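Asks: Take this structure, written in structure tokens, and hold onto it; I'll ask about it next.
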Ligand SMILES: *Cc1c(COP(=O)(O)O)cnc(C)c1O
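Residue numbers (my numbering): 4 to 367.
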């Protein structure tokens with residue numbers, strides 16, 4: 004058997020090859036390449052899919068986060084509560100606006116622990132950023148209550164949770180703004196960079212459209228110093244194709260996860276679990292082990308790839324040295340960073356590949 008990579012993006016391209024190629028050709032032949040009718044069409048479809056009133060396409064997930072805090076007026080002197088264990092981009096969305104991240108520890112599902120949010124609130128707190136990490140929805144109802152009680156904005160980082168729900172409601176629609184990435188490896192992946200923001204607030208949506216295009220609502224009239232953060236027609240057209248299949252792709256991931264969950268039995272490996280009332284779209288299948296280094300080496304010998312999401316938590320990253328945190332400040336976050344490992348997991352994974360991985364893990 005061929006080496007099993009941690010991720011294979013080619014498999015889901017070939018599954019819908021004709022549809023993707025047709026969409027791409029039609030863009031090339033259209034003569035319109037950035038912010039055009041296909042972007043608008045995709046924005047409408049994506050808003051419809053999530054259940055939000057508006058979706059605004061932007062250039063990346065990071066830009067979605069940057070623009071979300073900017074449009075909410077959160078910046079220098081403000082604090083935002085963020086999960087300690089997340090991808091660095093979540094935190095950068097806060098700090099690029101000049102605001103300060105205040106970290107909170109995760110729960111057993113790798114999401115921000117709702118019971119630890121209130122202790123992190125100060126007079127400067129303006130918002131909470133939740134990240135539906137690895138595809139699983141956070142405890143959104145409880146977090147919404149806390150935000151309401153303390154008059155805080157709620158922003159959701161849904162870069163890993165396209166289609167995941169809490170109490171039957173889509174992630175991205177609990178807070179003021181939901182931020183999505185369409186980086187190729189995401190559940191709803193483009194063939195390049197892309198992102199979107201969803202909201203029910205008409206003014207926020209209109210302001211985001213202004214900010215993503217140099218701060219102009221009307222051509223060559225600039226009311227704010229905005230950004231160039233536009234979604235292009237090629238990505239939008241390809242995303243429309245993939246969005247049509249997103250539910251079946253997520254369903255397939257659920258099936259793979261089920262086989263892993265039922266098949267992996269090893270005392271030194273902790274398998275993931277899903278919270279009551281939440282769903283996971285299994286962006287990653289993340290196990291934990293105290294013998295991680297050894298396990299990675301063992302899997303490599305068996306030609307099985309794996310990745311660590313993520314080896315260094317944001318509070319210990321070099322780029323956030325100035326925040327003054329040190330090892331030991333967030334022990335649960337740090338324990339996870341030392342123990343997590345993502346197994347090979349992708350649409351189009353064969354049962355033979357799954358079996359091989361399961362057997363290898365059980366024999367470890
Ligand atoms: C991928 C990701 C982002 C950033 O998205 P880009 O499109 O790569 O900028 C932000 N947050 C999380 C949790 C992510 O996984």
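The beta-carbon is built from N, C-alpha and C at its ideal position, and this holds for glycine as well. Remember, predicted model here, so these are calculated numbers, not experimental data.
1) Which residues does DSSP pair with residue 344 in a beta bridge?
2) Between 113, 110, 111, 146, which has its C-alpha nearest residue 124's C-alpha?
3) State yes or no: is the C-beta of residue 236 within less than 7 Å of the C-beta of residue 41?
4) Cα-Cα, which of 111, 76, 168, 276 is closest to residue 54?
5) Could you check if residue 7 is buried or exposed, using at least 16 other CB atoms within 10 Å of its CB as the buried criterion?
6) Give me the Cα-Cα distance between residue 45 and residue 98, rounded to the nearest whole angstrom.
7) Can you determine whether any heavy atom of ligand 1 sits closer than 6 Å to the C-beta of residue 97, and answer yes or no?
8) Which residue from 226, 196, 197 puts its Cα closest to that of residue 210?
9) According to the Cβ coordinates, are residue 217 and residue 229 closer than 7 Å?
10) May I ask whether a heavy atom of ligand 1 can be found less than 6 Å away from the beta carbon of residue 239?
11) Is residue 20 buried or exposed, if buried means 16 or more other CB atoms sit within 10 Å of its CB?
12) Cutting at 7 Å between CB atoms, please list the residues of its own chain near residue 313, excluding the five before and the five after it.
13) Under the rule that 16 or more other beta-carbon atoms within 10 Å means buried, what is residue 17, buried or exposed?
14) Which complete beta strand (DSSP E) runs does the stretch 248 to 330 hold, if anything under 3 residues is left out?
15) Under the rule that 16 or more other beta-carbon atoms within 10 Å means buried, what is residue 28, buried or exposed?
16) For the alpha helix (DSSP H) that contains residue 90, what are its first and last residues?
17) So, for residue 286: in the same chain, excluding its five sequence neighbours on each side, which residues have a beta-carbon less than 6 Å away from its beta-carbon?
18) For residue 371, does the count of other Cβ atoms within 10 angstroms reach 16, so buried, or fall short, so exposed?
19) Decide yes or no for the touch test of the stretch 288 to 307 against the stretch 342 to 362: beta carbon pairs closer than 8 Å, at least 3 of them.
20) Taking 6 Å as the cut-off, is the beta-carbon of residue 92 closer than that to any non-hydrogen atom of ligand 1?
21) Is residue 270 buried or exposed, if buried means 16 or more other CB atoms sit within 10 Å of its CB?
22) Give me the residue from 39, 93, 149, 260 with the minimum Cα distance to residue 132.
23) I'd like the list of long-range same chain contacts for residue 121, defined as Cβ closer than 8 Å, with 5 residues on each side in sequence excluded.
24) According to DSSP, residue 184 sits in a beta bridge with which residue or residues?
25) Among residues of its own chain, excluding the 5 on either side of residue 264, which ones have a beta-carbon nearer than 7 Å to its beta-carbon?
Replies: Quick look at the numbers:
1) To locate residue 344, count along the chain shown from 1; it is residue 341. DSSP lists 290 as partners of residue 344.
2) For the purposes of this step, residue 124 is identified with residue 121 of the chain shown, where counting begins at 1. Measuring from the Cα of residue 124, the nearest candidate turns out to be 146.
3) Position 233 of the chain shown, counted from the first residue, corresponds to residue 236. Position 38 of the chain shown, counted from the first residue, corresponds to residue 41. Going by C-beta atoms, residue 236 is nearer than 7 Å to residue 41.
4) Numbered from its first residue, the chain shown carries residue 54 at position 51. Considering only alpha carbons, the answer is 168.
5) Along the chain shown, read from residue 1 onward, the residue named residue 7 stands at position 4. With 16 or more other Cβ atoms within 10 Å, it is buried.
6) In the chain shown, the residue the question calls residue 45 occupies position 42. In the chain shown, the residue the question calls residue 98 occupies position 95. C-alpha separation (whole angstroms): 29 Å.
7) One-based indexing of the chain shown puts residue 97 at position 94. No, the beta carbon of residue 97 sits no closer than 6 Å to any heavy atom of ligand 1.
8) In the chain shown, counting from the first residue as 1, residue 210 sits at position 207. Comparing Cα-Cα distances from residue 210 to each of 226, 196, 197, the minimum goes to 226.
9) On the chain shown, position 214 is the one that residue 217 refers to. On the chain shown, position 226 is the one that residue 229 refers to. The answer is yes: Cβ separation under 7 Å.
10) The residue given as residue 239 occupies position 236 in the chain shown. Flag unset: Cβ of residue 239 not near ligand 1.
11) Mapped onto the chain shown, residue 20 falls at position 17. Looking at its Cβ environment, which holds fewer than 16 other Cβ atoms inside 10 Å, residue 20 is exposed.
12) By one-based count along the chain shown, residue 313 stands at place 310. Same-chain partners within the cutoff: 90, 340.
13) Position 14 of the chain shown, counting from 1, holds the residue named residue 17. Exposed, because fewer than 16 other Cβ atoms sit within 10 Å of the Cβ of residue 17.
14) Complete beta strand (DSSP E) runs here, min 3: 289 to 291.
15) Your numbering for residue 28 matches position 25 in the chain shown. So residue 28 counts as exposed.
16) Against the chain shown, residue 90 aligns to sequence position 87. For residue 90, there is no enclosing alpha helix (DSSP H), as DSSP gives it neither H nor E.
17) Residue 286 sits at position 283 when you count from the first residue of the chain shown. Excluding residues within five positions, the ones whose Cβ falls inside 6 Å are 137, 138, 163, 190.
18) For residue 371 there is no data in the structure shown, the boundaries of the chain being 4 and 367.
19) yes
20) In the chain shown, the residue the question calls residue 92 occupies position 89. Checking every heavy atom of ligand 1 against the Cβ of residue 92, one is found closer than 6 Å.
21) Reading the chain shown from its first residue, position 267 is the one you call residue 270. Its Cβ having fewer than 16 others within 10 Å, residue 270 is exposed.
22) Against the chain shown, residue 132 aligns to sequence position 129. For residue 132, the nearest C-alpha among the options comes from 93.
23) Along the chain shown, read from residue 1 onward, the residue named residue 121 stands at position 118. The residues are 149, 153.
24) Here residue 184 refers to the residue found at position 181 when the chain shown is read from its first residue. In the DSSP output, where bridge partners are listed per residue, residue 184 has 198.
25) Taking the first residue of the chain shown as position 1, residue 264 is located at position 261. Excluding positions up to five away in sequence, the list reads 274.
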